[in-house]
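Residue numbering for the sequence shown is 48 to 233, as defined by the numbering used here.
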Amino acid sequence: MFRPYIQAAENRTEIMVDFRINVAHIDPDLADNSKKLQQIIDYITTLRSDSTLKVTSVAFCGAASPDGSYETNRYLAGARLASLERLIRSRVDIPDSIVSRDDSYIPWDYLRAQVARSKHPFRDSVISIIGEAPLLVNDPANGKLVDRRILKLKQLDGNRVWDELLRPLFQQDEKRQRGNNHFQGR
């Protein structure tokens, strides 16, 4: 996202990029990736060429579907973030001083905001669980380390709530995985 300040106004843009499942390399032919990457580059170029605007921050974010182990997902989120940042910065100059990175692998803030705007019957419970401090625990189903919040969310309504949350956040088919793999600017 970019948030250019225009006479005390803030503008924020977010563009998400899809990845193939368990892959950190950006495939421009997957989904609308080629178009989205060009949008990012065009947006940055346009902002930088307008002397009335000031780009104050750019955030590169990486995510992975939370159904794997914590270690694998953290690695994949970091690798995706690096892949996106490397590709964008190879095509447009962005000062290091305004770049930040988030590879938390599950975009909890984004998820909380989506649930808060919904009329989901478990909305308050989900928001409460998301707000808890992260703690790694062993998943009894597979023995892998996971964030305890995932297990708690899975317990709501026999795993239905968790499945409903994953669908829009990490839309998956056999080829791609959407996550919060994006850039932010302001």
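Where is the CB? At the ideal position from N, CA and C, for every residue including glycine.
| said: By DSSP's criteria, Ala110 is part of a beta bridge. Which residues make up the other side? | reply: Counting from 1 along the sequence shown, the entry for residue 110 is found at position 63. For Ala110, which the question treats as bridged, DSSP gives the partners Tyr152.
| said: Whole angstroms are fine: how far does the CA of Trp209 sit from the CA of Ile167? | reply: As a first step, residue 167 is located in the sequence shown; it is residue number 120 there, counting from the start. As a first step, residue 209 is located in the sequence shown; it is residue number 162 there, counting from the start. Inspection of the sequence shows that residue 167 is occupied by His rather than by Ile. Cα to Cα, His167 sits roughly 12 Å from Trp209.
| field | Exposure label - Pro181; buried when at least 16 CB within 10 Å | value | Here residue 181 refers to the residue found at position 134 of the sequence shown. The residue in question, Pro181, is exposed, as its Cβ has fewer than 16 Cβ neighbours within 10 Å.
| query | According to the Cβ coordinates, are Val162 and Ile145 closer than 8 Å? | reply | Along the sequence shown, read from residue 1 onward, the residue named residue 162 stands at position 115. Along the sequence shown, read from residue 1 onward, the residue named residue 145 stands at position 98. Contact: no.
| So which of Ala111, Ile88 and Arg214 has the shortest CA-CA distance to Val70? | For this step, residue 70 is matched to residue 23 along the sequence shown. Among Ala111, Ile88 and Arg214, the Cα nearest to that of Val70 is on Ala111.
| Opposite Asn185 in the DSSP bridges: which residues? | For the purposes of this step, residue 185 is taken as residue 138 along the sequence shown, with counting starting at 1. Asn185 has Leu192 as its beta-bridge partners, per DSSP.
| Cα separation between Ser116 and Ile135? | Counted from its first residue, the sequence shown places residue 116 at position 69. Counted from its first residue, the sequence shown places residue 135 at position 88. So the two alpha carbons sit approximately 28 Å from each other.
| Can you list, in chain order, the residues of its chain whose CB lies under 8 Å from that of Asn80, leaving out five sequence neighbours each side? | Against the sequence shown, residue 80 aligns to sequence position 33. So the list reads Val64, Asp65, Ile73 and Asp74, once near-sequence residues are dropped.
| message | Residues in the same chain with beta-carbon distance under 7 Å from Asp220, minus the five sequence neighbours each way, listed in chain order, please. | response | Residue numbering aside, residue 220 sits at position 173 when the sequence shown is read from its first letter. Only weak support exists for where Asp220 lies, its pLDDT of 48 falling under 50; the value from the coordinates is given anyway. None.
| task | Could you tell me if Ser130 is buried or exposed, where buried requires 16 or more neighbouring beta carbons within 10 angstroms of its beta carbon? | result | To locate residue 130, count along the sequence shown from 1; it is residue 83. With 16 or more other Cβ atoms within 10 Å, it is buried.
| Under 8 Å between C-beta atoms of Arg195 and Ile177 | In the sequence shown, residue 195 corresponds to position 148, counting from 1. In the sequence shown, residue 177 corresponds to position 130, counting from 1. Not in contact: Arg195 and Ile177 (Cβ atoms no closer than 8 Å).
| request: Express the C-alpha separation of Val105 and Asp150 in angstroms, rounding to a whole number. | output: The residue given as residue 150 occupies position 103 in the sequence shown. The residue given as residue 105 occupies position 58 in the sequence shown. Rounded to whole angstroms, Asp150 to Val105 spans 14 Å at the Cα level.
| request: Taking Leu212 and Leu200 to be in contact with their CB atoms under 8 Å, please state how far apart those CB atoms are, rounded to whole angstroms. | output: If you number the sequence shown from 1, residue 212 lands on position 165. If you number the sequence shown from 1, residue 200 lands on position 153. Correct: roughly 7 Å between the Cβ atoms.
| Short Cβ contact (8 Å threshold) for Ile62 with Ile141 | Position 15 of the sequence shown, counting from 1, holds the residue named residue 62. Position 94 of the sequence shown, counting from 1, holds the residue named residue 141. Result no, Cβ atoms of Ile62 and Ile141 do not sit closer than 8 Å.
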